[in-house]
Amino acid sequence: MNREKRKIDHIHHAIHTGQHRLHGFEDVRFVHNSLPDTNVDGTQIETKIGELTLSSPIFINAMTGGGGKETEHINHALAEIANECGLALAVGSQMSAIKNKEEESTYRIVRKRHPQGKIFANLGSEATVDQAKKAVDMLEADAMQVHLNIIQELVMPEGDRHFSGALRRIEALVKELEVPVIVKEVGYGMTRETVKKLDEIGVPIVDVGGYGGTNFSRIENKRRTRELSFFDEWGITTVTSLAEVTSSASRLSVIGSGGIQTSLDVAKSIALGASATGMAGYFLKVLVDEGQEAVIEEVEHLHKELKMIMTAVGATSVEELKHAPIVLSGDSYHWLNQRGVD
Ligand code: FNR
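Per my numbering, residue 1104 is the first one in the sequence shown, and the count goes up by one each step.
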């Protein structure tokens, strides 16, 4: 099966089979405050991840890269949406463009359509320093996302089977690149043990990429004759992953992602300690089903609603929202209890 067909399959299956709301946000409740002493007009949604300042805590997370008309069209639309809404944008994996020079132009156009905005380059943890430098240069990128997607690779019939040495390669990227490295999962979540290892090698930003939204096991299983369905329910939910990772004091910035679709999901992620939130599958679905303008309108609604939620909980900034009181219940509470997270 050629690569272009695989990417189109990913988009199709992500929209039709991959989207779930099993991320655990229903287990998180804000504690109502009758005297918040705030005004909607006075709330600021600017945030910082590592050394980067973002005008919104919402960004468009990495999706399918260059090569082929359909994926190219989606990339360009996402770049225009990011530009119009002032969002940071992560591109999909650039490895194929590094290996096939003629694909580079489809990435360079992303920078042209989002000239002043924040753009994150993207490669897997197999990337060498040289490849990562090329990926950053291709986009004049502001950060380098390195994805960890072990389960996706295992379920993918043509996927990778070698995962050793990733931490050492990431360490080299942290040392050699001039932009910050963001290590991200793609829907299986991260534990605090994983994040501790990343912290020790100097990674400044992690994206937990939790279970509960886009499900790459389900997506890849659709492309197999003998399914590995035991991986369909594998992973750490976005809520429990965020709670684990932010419970241990570290200088790392944490991004919440995995099934985020609403302003309340964004607000709850921040209250769990995230500094920003990435949305991928949901934006893709709105884009493909309803078009570019619909995504722009959706982002405007998300921003307005987020400010209302912040006002209700008495937070005037993202930093204050991080400390808004929440109560955890259900499976998330039990998971965190067993894992010894306060
Ligand atoms: C992705 N994702 C992804 N991530 C990455 O680091 N590099 C990539 O090339 C891709 N490609 C990709 C294609 C498609 C079609 C989708 C839907 C997603 C994963 C994405 O960035 C994110 O981590 C997960 O999708 C979980 O977030 P959502 O979709 O639940 O918001």
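We put the beta carbon where it would ideally sit given N, CA and C, even for glycine.
Q: Evaluate Glu1347 with the Cβ neighbour count: other Cβ atoms within 10 Å of its Cβ, from every protein chain shown; 16 or more gives buried, anything less gives exposed.
A: buried
Q) Where does the unbroken alpha helix (DSSP H) through Leu1276 begin, and where does it stop? A) 1269 to 1279
**Q.** Beta-carbon gap between Pro1160 and Ile1148 smaller than 8 Å
**A.** Yes, the Cβ-Cβ distance between Pro1160 and Ile1148 is below 8 Å.
Q.
Quick check on DSSP: helix, strand or coil for Glu1288?
A. strand
Q: May I ask whether a heavy atom of the ligand FNR can be found less than 7 Å away from the beta carbon of Ala1165?
A: yes
Q. Which residue's Cα is closest to the Cα of Tyr1314: Gly1338, Glu1288, Thr1294, Gly1443?
A. Gly1338
Q) Of the residues Ile1254, Asp1112, Ala1275, Arg1295, which one's Cα is nearest the Cα of Asp1335? A) Ile1254
Q) If we cut at 8 Å on Cβ distances, does Ile1358 have a partner in chain D? A) Structure shown: chain D not included; a single protein chain is present.
Q: Starting from Asp1310, follow its DSSP beta bridges and name the residues at the other end.
A: Its beta-bridge partners are Lys1287, Ile1358.
**Q.** For Leu1157, three-class secondary structure by DSSP
**A.** strand
Q) Would you say Phe1162 and Ala1415 are within 8 Å of each other, going by their C-beta atoms? A) no
Q) Is Gly1171 helix, strand or coil by DSSP? A) coil
Q.
Given the structure, does Leu1387 come close to the ligand FNR, in the sense that its CB is under 7 Å from one of the ligand's heavy atoms?
A. In this structure, Leu1387 has its CB closer than 7 Å to one or more heavy atoms of the ligand FNR.
Q: Have a look at Glu1129 and Ala1165 and give me their C-alpha separation to the nearest angstrom.
A: 25 Å
Q. Count the other CB atoms within 10 Å of the CB of Phe1386; is the residue buried (16 or more) or exposed (fewer)?
A. buried
Q) Starting from Gly1433 and walking both ways along the alpha helix (DSSP H), at which residues does that stretch end? A) 1433 to 1441
Q) Does the beta carbon of Lys1287 fall short of 7 Å from some heavy atom of the ligand FNR? A) yes
Q) Is the beta carbon of Gly1220 sitting closer than 8 Å to the one on Ala1185? A) yes
Q: Quick one: using the 10 Å Cβ neighbour count with 16 as the cut-off for buried, is Lys1287 buried or exposed?
A: A residue is called buried once 16 or more other Cβ atoms fall within 10 Å of its Cβ, and Lys1287 is buried on that count.
Q | Per-residue DSSP class, three states only, for Arg1264 | A | DSSP places Arg1264 in coil when its eight states are reduced to three.
Q | Buried or exposed by the 16-neighbour rule on C-beta atoms within 10 Å, applied to Gln1441 | A | Burial call: exposed.
Q: Figure out for me which residue from Ser1196, Ser1208, Met1198, Ser1344 has the closest Cα to the Cα of Trp1438.
A: Ser1344
Q. Alpha carbon to alpha carbon, how far is Met1241 from Gly1394?
A. 27 Å
Q) Is Asn1225 near the ligand FNR, with its Cβ less than 7 Å from a heavy atom? A) yes
Q) Of all the options His1113, Ile1118, Ala1275, Gly1145, which has the alpha carbon lying nearest to the alpha carbon of Gly1417? A) Closest option to Gly1417, Cα to Cα, is Gly1145.
Q.
Measuring only from the beta carbon, is Gln1248 closer than 7 Å to any heavy atom that is part of the ligand FNR?
A. yes
**Q.** Alpha carbon of Leu1190 to alpha carbon of Pro1218, nearest angstrom
**A.** Cα-Cα distance, rounded: 12 Å.
Q. Going by the beta-carbon positions, is the gap between Ser1227 and Met1198 smaller than 8 Å?
A. First, the amino acid is wrong: residue 1227 is Gly here, not Ser. It is a contact, given that the beta carbons lie within the stated cut-off.
(Q) Nearest by alpha-carbon distance to Ala1200: which of Ile1308, Val1391, Ser1320, Glu1107 is it? (A) Glu1107
Q: Select from Gln1248, Glu1396, Gly1316 the residue whose C-alpha is nearest the C-alpha of Asp1368.
A: Gly1316
Q) Looking only at DSSP bridge pairs, what is Asn1225 linked to? A) Residue pairing from DSSP places Asn1225 in a beta bridge opposite Gln1248.
Q | Beta-ladder partner(s) of Thr1380, from DSSP | A | Ile1161, Gly1359
**Q.** Assigned exposure category for Arg1295 - 16 Cβ within 10 Å defines buried
**A.** By the 10 Å Cβ count, Arg1295 comes out buried.
Q) How is the alpha helix (DSSP H) around Arg1211 delimited, first residue to last? A) 1207 to 1216
Q. Does DSSP classify Val1444 as helix, strand or coil?
A. coil
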